[in-house]
Amino acid sequence: MRIVVVGGVAAGMSAASRARRQSGDARITVFERGDWVSYGACGLPYVIGGEVESFERLVARTPAQLGERGIDVRLRHEVTGVDAGAGTVTVRDRDGGETITEPYDRLLIATGVNAVRPDWANTDLRGVHVLRDLPDGQAIEESVKEAKRACIVGGGYIGLELAETLTTRGLSVTLLERGPEVAGRMLDVPLQRRVRAEVERCGVEVRCGTTVLGLTGEGGRVTGVETDGGRVPADLVIVAVGVKPSTDLARAAGVRLGETGAVAANDRQETGVEGIYAAGDNTESLHRVTGRPVHIPLGLTANRMGRVAGVNMAGGDAQFPGIVGTGIFKTFDLGVARTGLTHAEAEHAGLDAISVDVDSTDHAGYYRDAAPIHVRLTAERGTNRLLGAQLLGRTTSVKRVDVVAALLHGGGTVQDLFELDLAYAPPFSSVWDVLLVAADRAGRRLCGE
Ligand code: FAD
Numbered sequence: 006m007r008i009v010v011v012g013g014v015a016a017g018m019s020a021a022s023r024a025r026r027q028s029g030d031a032r033i034t035v036f037e038r039g040d041w042v043s044y045g046a047c048g049l050p051y052v053i054g055g056e057v058e059s060f061e062r063l064v065a066r067t068p069a070q071l072g073e074r075g076i077d078v079r080l081r082h083e084v085t086g087v088d089a090g091a092g093t094v095t096v097r098d099r100d101g102g103e104t105i106t107e108p109y110d111r112l113l114i115a116t117g118v119n120a121v122r123p124d125w126a127n128t129d130l131r132g133v134h135v136l137r138d139l140p141d142g143q144a145i146e147e148s149v150k151e152a153k154r155a156c157i158v159g160g161g162y163i164g165l166e167l168a169e170t171l172t173t174r175g176l177s178v179t180l181l182e183r184g185p186e187v188a189g190r191m192l193d194v195p196l197q198r199r200v201r202a203e204v205e206r207c208g209v210e211v212r213c214g215t216t217v218l219g220l221t222g223e224g225g226r227v228t229g230v231e232t233d234g235g236r237v238p239a240d241l242v243i244v245a246v247g248v249k250p251s252t253d254l255a256r257a258a259g260v261r262l263g264e265t266g267a268v269a270a271n272d273r274q275e276t277g278v279e280g281i282y283a284a285g286d287n288t289e290s291l292h293r294v295t296g297r298p299v300h301i302p303l304g305l306t307a308n309r310m311g312r313v314a315g316v317n318m319a320g321g322d323a324q325f326p327g328i329v330g331t332g333i334f335k336t337f338d339l340g341v342a343r344t345g346l347t348h349a350e351a352e353h354a355g356l357d358a359i360s361v362d363v364d365s366t367d368h369a370g371y372y373r374d375a376a377p378i379h380v381r382l383t384a385e386r387g388t389n390r391l392l393g394a395q396l397l398g399r400t401t402s403v404k405r406v407d408v409v410a411a412l413l414h415g416g417g418t419v420q421d422l423f424e425l426d427l428a429y430a431p432p433f434s435s436v437w438d439v440l441l442v443a444a445d446r447a448g449r450r451l452c453g454e
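Per our numbering, the sequence shown runs over residues 6 to 454.
Okay, here's the thing in structure tokens:
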């Protein structure tokens, strides 16, 4: 059995490792066009921020360690074509320029996403970056050393994480967002406003409703961002306006793309083209709350899809269970978490939704250092089914979102949440945890009280 994996980060390496465990004699080759494999991209902002000591610390396994486990990793090798009929891939060695043809019995396309690079003037100036992979992180680190004023374009979770990072590094930071608020794709509007208020309180200038027109520079280095609301001076610009699934190779192989624009695969990560699998950020997944395909490119999803693909490619049997849209990040001391659907998303999906908001403390108010926590719980009228939760609070307190995520997996109701026997002691929560209070309130709303 010859297994070829394209892309050596979360999905690709999970697949290769699982395939190795599943089958002792499969020949497993990973082609990665970049210089790094098997690293946690999620940790990049924290290296720049100084919480993680080096980029190397993000690497789980080096190519040599993978080689010892019988996984042949070829760095700087870009797969440029697939001949699904012949069962071969074409691979270009980026150093030698040489092109080889490699046969496969099973092929995994785990090519991730590409950062959106808008068509503005001067994006090639020094000091202009995206943050997508490890070399991007290293380049930002170099620019930060000589920068004083940063401009982040895009108020999604990566932009908001970097707002903290760069402020911590002593830069003055302006964050530009085209939409009316930050975290627009993650939260309902009232919570978006709270996130923005927190970021502003921490010294970031946030300009929403602002469209970037282009960049200005001098001597090859960026000096500012031109917007419809005037020019923002900056010697470091980070463009964090979203990502697009990397689908060129899949399309070349005749693989179908789904309605989200990402690669469509079944729950075994099979694409429908004989022998070809897909996993990770380039692949859409089934949302268990709506029953619809979604493209939500996140780390656990990529690892899990890769694992499923690896087992199946090596002759085993595993299924990807779908996702419920859980996500979490921090900006400054604020933790932001969500699972399921926001109220707006639920309405957009045609569901009859109610939402309740609860402000409380993250543990017993009388115990030292209690901090505010806000929960919005969303449920469906008629069925009382939980639809989602959004939490804002001191960093780790919002990890209790996982309780709701667990219930969403099983189609749980508001009553199911209310009846849970959650852990309680004053340093950890109130006797009625904020989630239980929210469930109680939602239950009463659903009864028309
Ligand atoms: P990728 O990591 O994109 O890897 C794909 C690889 O394929 C790349 O190395 C690429 O070079 C290679 N490749 C592409 N085309 C070819 C080709 N033709 N030939 C050879 N190689 C090719 N997720 C979370 O859940 N939580 C977080 O906190 C979080 N934070 C993040 C912060 C940042 C700054 C970033 C960038 C991402 C973050 N993510 C987070 C997302 C998470 O990192 C991704 O979901 C995960 O890395 C996806 O893994 P992947 O293997 O699908 O794709």
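In this text, a Cβ means the ideal position worked out from N, Cα and C, and glycines have one as well.
Every value quoted in this text rests on a predicted model; they were computed, and no experiment measured them.
Taking the C-alpha atoms as reference points, what is the distance between residue i and residue j?
i, j, result
"V11", "V436", "50 Å"
"L391", "G39", "42 Å"
"V35", "S28", "16 Å"
"G370", "H300", "40 Å"
"R381", "G304", "24 Å"
"D30", "M6", "8 Å"
"D138", "G277", "29 Å"
"Q420", "P298", "28 Å"
"R198", "V187", "7 Å"
"D233", "R183", "10 Å"
"M18", "G415", "29 Å"
"G214", "I33", "49 Å"
"G387", "V52", "48 Å"
"V64", "G75", "18 Å"
"S365", "V313", "40 Å"
"M310", "R212", "37 Å"
"A46", "A16", "12 Å"
"E169", "A358", "34 Å"
"L241", "K153", "8 Å"
"D100", "R79", "12 Å"
"A91", "N119", "28 Å"
"E107", "I281", "14 Å"
Select from the options the residue whose C-alpha is nearest the C-alpha of residue i.
i, options, result
"V227", "Q395, V133, A144, R293", "V133"
"R23", "V64, I301, L71", "L71"
"A394", "R25, A89, Y371, T418", "T418"
"A202", "N389, L165, V158", "L165"
"V14", "V363, Y372, R26, Y44", "Y44"
"I172", "A155, R183, V294, E182", "In the sequence under discussion, the amino acid at residue 172 is Thr, which differs from the Ile named in the question. T172 has its Cα closest to that of A155, out of A155, R183, V294, E182."
"L339", "P302, V242, R206, D362", "R206"
"E275", "R236, G263, L241, N317", "N317"
"N127", "G224, T400, G161, G160", "G224"
"N389", "S434, P432, L451, V409", "L451"
"F60", "T67, V268, G48", "G48"
"Y109", "V96, T252, E103, G101", "V96"
"G355", "L346, V361, D362", "L346"
Specify, as a first and last residue, the run of the alpha helix (DSSP H) that residue i falls within.
i, result
"E83", "Run containing E83: none in the alpha helix (DSSP H); it sits in the beta strand (DSSP E), 82-88."
"V317", "The identity of residue 317 in the sequence shown is Asn, whereas the question assumes Val. Residues 304-318."
"G328", "Per the sequence presented here, residue 328 reads as Ile, with Gly not at that position. Element bounds for I328: n/a, residue is neither H nor E."
"I53", "49-54"
"K150", "139-150"
"I163", "162-173"
According to DSSP, simplified to helix, strand and coil, what is residue i?
i, result
"C207", "coil"
"C213", "strand"
"E103", "coil"
"C156", "strand"
"E352", "helix"
"A342", "strand"
"F36", "strand"
"G398", "strand"
"T128", "coil"
"L218", "strand"
Can you pull the DSSP bridge partners for residue i?
i, result
"A15", "Answer is none; A15 lacks a bridge partner."
"L391", "A384"
"P185", "Bridge partners of P185: none, in fact."
"Y44", "V64"
"K335", "G340"
"H379", "D364, L397"
"E275", "Y282"
"G229", "T221, P238"
In terms of residue numbering, what span does the beta strand (DSSP E) encompassing residue i cover?
i, result
"Y282", "281-283"
"D364", "358-366"
"V118", "118-120"
"G235", "235-238"
"L112", "111-114"
"V94", "93-98"
"D77", "76-79"
"V248", "248-250"
Would the C-beta of residue i count as close to the ligand GDP, meaning under 6 Å from any of its heavy atoms?
i, result
"E37", "For the structure depicted, the ligand GDP is absent and the ligand set comprises only the ligand FAD."
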